[in-house]
Amino acid sequence: MSATIGLKRWHEVIDNGSSAEDLAAIIHEDAVFHSPVVHTPQKGRPIVVAYLAAAGNTLGNDSFEYVRELIDGENAMLEFTTEMDGIHVNGIDLIRFDEDGMIVDFKVMVRPLKAVNKVWEQMAAMLEKMKT
18 MSATIGLKRW
28 HEVIDNGSSA
38 EDLAAIIHED
48 AVFHSPVVHT
58 PQKGRPIVVA
68 YLAAAGNTLG
78 NDSFEYVREL
88 IDGENAMLEF
98 TTEMDGIHVN
108 GIDLIRFDED
118 GMIVDFKVMV
128 RPLKAVNKVW
138 EQMAAMLEKM
148 KT
């Protein structure tokens, strides 16, 4: 039931604004992030926190909503919808948790193509802004 515990903590972090500090507290130090727009997996807590914080600032607007959740052991799949600059975004967060409920693997998939392009555009801008 590691996903049940981890998912509860994930929702608390999301509901509180997805701060980097809160995200770091629920992400394993060796976590891996799979972006819908970056080919290579991003490894390690600092980079995973950066990507998820950027996603929270771009995708996590007032229209963001999880519409379906599936849990199986250490895995959770969360389907979400949101709107970005008038473009409907539909996506999935596929999350694997360790035995303590810490996130060890986080994969995001987004559709349709217009949405992928919009996510790439806004995420790139947010990650660049976070560097400075």
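Whatever position you read off the sequence shown (first residue = 1), add 17 for our numbering.
Ideal Cβ placement from N, Cα and C applies to all residues, glycine included.
Based on the DSSP secondary-structure assignment, which residues constitute the bridge partners of residue i?
i: VAL106; result: THR99
i: PHE114; result: ILE120
i: LYS60; result: VAL49
i: ILE88; result: ALA93
i: GLU82; result: THR98
i: VAL127; result: GLY108
i: ILE31; result: DSSP, once it has assigned bridges, lists no residue as partnering ILE31.
i: ILE44; result: ILE120
How many whole angstroms separate the CB atoms of residue i and residue j, which I take to be in contact at a CB cut-off of 8 Å?
i: PRO53; j: VAL133; result: 6 Å
i: ASN92; j: ALA141; result: So it is not a contact: roughly 29 Å between Cβ atoms.
Does the beta-carbon distance from residue i to residue j come in below 8 Å?
i: GLY23; j: PHE81; result: no
i: GLY118; j: ARG26; result: yes
i: HIS51; j: VAL125; result: yes
Going by C-alpha to C-alpha distance, which of the options sits closest to residue i?
i: ASP47; options: PHE123, HIS56, LYS135; result: PHE123
i: TRP137; options: ASN92, LEU76, VAL121, GLU38; result: LEU76
i: VAL127; options: ALA72, ASP79, SER35, THR57; result: ALA72
i: LYS135; options: ALA70, ASN33, GLY108, TYR83; result: GLY108
i: ARG85; options: PRO58, ILE120, ASP110, GLN139; result: ASP110
i: ILE88; options: GLU29, THR57, ILE112, GLU145; result: ILE112
i: ASP32; options: TYR83, LYS131, ILE120; result: TYR83
Exercise for review: For the segment 30-42 and the segment 94-105, state whether three or more C-beta atom pairs, one from each stretch, are separated by less than 8 Å.
Suggested key: They do not touch, by the three-pair rule.
Check your understanding: Just checking, does the segment 92-99 make contact with the segment 53-65 on the three C-beta pairs under 8 Å criterion?
Key -> The segment 92-99 makes no contact with the segment 53-65; the number of CB pairs closer than 8 Å stays below 3.
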